[in-house]
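Taken in order, these protein sequences are the chains called A and B.
According to the working numbering, the stretch in the first sequence is residues 376 to 584, in order.
According to the working numbering, the stretch in the second sequence is residues 374 to 694, in order.
See below for the structure under consideration.
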Amino acid sequence: MEREEKSNTGYLKELTKGFIRENPIFVLCLGLCPTLAVSNLVENAFGMGIAFFFVLLCSNITISLVQKLIPDEVRIPCFIVIIASFVTVASLLMQWFIPDVYARMSLYINLIVVNCIILGRAEAFASKNNVFRSMLDAIGMGIGFTAGLFIISAIREVTGFGTFLGFRLIPENIKPITIMILAPGAFFTIGFLMALFNLIRIKKGKVSK
Amino acid sequence: MLKDKHLTVTVSPHIKTALTTEKMMWIVSCALVPAAGAGIYFFGFHAALVITVCVVSSLLTEFLCTLLMKKPATIKDGSAFLTGLLLALCLPPELPLWMCALGGFFSIAVTKFAFGGLGYNIFNPALAGRAFLMGAFAKEMTTWKTLQVFPDGITAATPLNLLKEQGYDSLMKVFDSHSHLFRELFIGRVGGSIGETSAGLLIIGGLILLFARIITWHIPVSYIFTVMVISYFTGGVFGIPFHLFSGGLVLGAFFMATDPVTSPITPKGQIIFGIGCGILTMLIRIRGGYPEGVCYAILLMNSVTPLIERYSKTKIFGVKR
């Protein structure tokens, strides 16, 4: 995981590392459970992505602000309490503004509390770095996660339903590949995208074969 | 290496068989021809199209994958041809052709090349292709063509389907007597996938493989014997020939479960593998949601093959554990 960097340079790196180099889904392989569950429709993926982004940003900022006050022995419960408060905020907001999306995925929204990306960023990054870096980290990771969800759900919705955000792309008379919106389809899609990301990273020379 | 004409020094193995992968694949393909022919004869022209499309899409996918992965072209070794043929034989004869092509693509690209190509795949490609199509197009995959055996057009379901959905009595209404049912099952004039219906011709193909020493007796015999034992205890004397000749059991036992890549190599392991397949097949047929369980039984046993091999290692003589 991330080591604390004392230098003031590399803010941009802090932001962009979540996009490809340390993409939470395809490279760190974190948060695969919600990824599998909500990536069947682009709409669900967006809802999840926004809620996730909000919680990650707020919790990273808060935790890096109070890092000196939290005793080391009870840090995980403290992180969970902070994350859970923001999840409650997010879930209440979603319930008000997008009730039909919330109705479909309220379970997964509440499960953001134990999302391993958020807890992982809190433990590995926000509790050791200053507010600004933690914010950049959260933005990068949030964009990486949301973009990952978007790619997976776009592939699955187009092949499995023949639609994109509800608009029909593939004519009715061609049967959609139902398996793509079931769990196996999620595994196929994530597997092949992981291979693609590894290919990109190998091409860039970031990892050795 | 020495240049001496009379003395050649090489590393082991010293005894090599004349049987190459290529030869093996073509013998297996030839052994499937009678059953495939019967399928085309019973189900008509569309069955021939299904077989052609599956084979062509498998070969094409193999070619593209080797090209993309910069591997030596293995299109000529016959393995892709055989995968396509086996896949077609376990598909319903009226399946739309683009679905067949998709199945062939999945078999080769995902189950074979995503794992590293021939020899590295965990699951039998043809069966995985079938399972994929089953998950993707459940309705089309269980629509069976009506045959002449049912002149009044009561049903086009497979005998196994009929027994599971409507019970023993309606099965007997379609086929007047036990002997009639068994005769039709043996010849292959019943609803079902293209290549699985004619038990007699498949057994001939299986015997060819046994005598050509492509396969050993361990897997087919232990598989079929387990099915016979369980069907005797659950269905009585009627059960044995019924479960033996219906569905894809013979095709699966001789041609799919014996795939050298995805089944254990030790004789002891092969017997465990066969028994496991038999138990799972009968469990799915009797208790499961699907009428036929051969495909999933073999796939499930494929996944435990490495475990079986680990526990059925041959003991080295004179070495203590």
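Virtual Cβ for every residue (Gly too), placed ideally from N, Cα, C.
Check, Outcome
"Identify the contact partners of B/VAL483 in chain A, using a Cβ-Cβ distance below 8 Å as the criterion.", "PHE563"
"What does a CB cutoff of less than 7 Å around B/ILE644 pick up in its chain, not counting 5 residues either side in sequence?", "HIS591 and SER595"
"For B/GLY608, return the contacting residues in chain A, with the cut-off set at a CB-CB distance below 9 Å.", "Per Cβ cutoff of 9 Å: no residues; B/GLY608 is ~33 Å from chain A at best."
"Any idea what DSSP makes of A/THR538, helix, strand or coil?", "strand"
"State the CB to CB distance for the pair B/ALA411 and B/SER571, rounded to an integer number of angstroms; the pair is presumed to be in contact (CB under 8 Å).", "4 Å"
"Does A/PHE567 come within less than 9 Å of chain B when only Cβ atoms are used?", "yes"
"Let me see if you follow: with CB-CB separation under 9 Å, is A/LEU607 close to chain B or not?", "In this structure chain A extends from 376 to 584, so residue 607 of chain A is not present and cannot be described."
"Counting only beta-carbon separations shorter than 9 Å, does B/PHE598 have a partner in chain A?", "no"
"How many Å lie between A/MET423 and A/VAL413 at the Cα?", "7 Å"
"Return the chain-ordered list of same chain residues with a C-beta closer than 7 Å to the C-beta of A/ARG543, the five sequence neighbours on each side being excluded.", "GLY537"
"Would you check if the distance between the CB atom of B/LEU464 and the CB atom of B/ILE567 is smaller than 9 Å?", "yes"
"Along chain B, in chain order, which residues have C-beta atoms closer than 7 Å to that of A/THR391?", "Those within 7 Å of A/THR391 in chain B number zero; the least Cβ separation is about 29 Å."
"Kindly list, in the order they appear in chain B, the residues whose Cβ is closer than 8 Å to that of A/ILE575.", "Those do not exist, as A/ILE575 stays about 16 Å from chain B at its closest Cβ, beyond 8 Å."
"Whose CA, out of A/PHE428, A/ASN504, A/PHE572 and A/ALA558, lies closest to the CA of A/GLY515?", "A/PHE428"
"With distance defined between alpha-carbon atoms, name the residue in B/ILE413, B/THR434 and B/GLU395 nearest to B/GLY502.", "B/THR434"
"For A/ARG508, count neighbouring C-beta atoms within 10 Å of its own C-beta (all shown protein chains included) and say buried if the count is 16 or more, exposed if not.", "buried"
"Drop a sphere of 10 angstroms on the beta-carbon of A/TYR477, count the other beta-carbons inside from all chains shown, and report buried for 16 or more, exposed for fewer.", "buried"
"Please list, in chain order, the residues of the segment 491 to 509 of chain B that have any C-beta partner in chain A closer than 7 Å.", "PHE505, GLY508 and ALA509"
"Using the beta-carbon of each residue, which ones in chain B are nearer than 8 Å to A/ILE552?", "LEU475, ALA509 and PHE510"
"Taking one C-beta from the segment 485 to 503 of chain B and one from the segment 576 to 588 of chain B each time, how about it: are there three or more such pairs within less than 8 Å?", "no"
"Out of curiosity, what's the CA-to-CA distance linking B/GLY579 and B/MET398?", "14 Å"
"Once the 5 residues before and after B/GLY649 are set aside, which same chain residues still bring their CB inside 6 Å of it?", "MET674"
"Contact defined as beta carbons within less than 8 Å: I believe A/PHE454 pairs with A/ILE436. What is the distance between those atoms, to the nearest angstrom?", "So it is not a contact: roughly 13 Å between Cβ atoms."
"Quick check on the DSSP output: the alpha helix (DSSP H) that includes B/LEU580 runs from which residue to which?", "572 to 584"
"Rank A/PRO546, A/ALA561 and A/ILE518 by C-alpha distance to the C-alpha of A/ILE530 and give the top, closest one.", "A/ALA561"
"Just how far apart, CA to CA, sit B/GLY489 and B/PHE479?", "14 Å"
"Is the Cβ-Cβ distance between B/MET472 and B/LEU506 less than 9 Å?", "yes"
"Count the other CB atoms, across all protein chains shown, that sit within 10 Å of the CB of B/LEU392; report buried if there are 16 or more and exposed otherwise.", "exposed"
"Do B/VAL634 and B/ASN494 come within 9 Å of each other at the CB atom, strictly closer than that value?", "yes"
"Could you compute how far the alpha carbon of A/GLU418 sits from the alpha carbon of A/SER434?", "24 Å"
"Quick check on A/GLY566: buried or exposed, where buried means 16 or more other Cβ atoms within 10 Å of its Cβ?", "exposed"
"If we cut at 9 Å on Cβ distances, does B/PRO469 have a partner in chain A?", "yes"
"Between the alpha carbons of B/PRO614 and A/LEU416, how many angstroms are there, rounded?", "48 Å"
"Report yes if the CB atom of B/GLY564 is closer than 9 Å to the CB atom of B/PRO532, and no otherwise.", "yes"
"Looking at the C-beta of B/GLU569, does it have a partner C-beta in chain A at a distance below 9 Å?", "no"
"Taking the alpha carbon of B/LEU574 as the reference point, which residue from B/LEU460, B/SER385, B/ALA404 and B/PHE646 has its own alpha carbon closest?", "B/ALA404"
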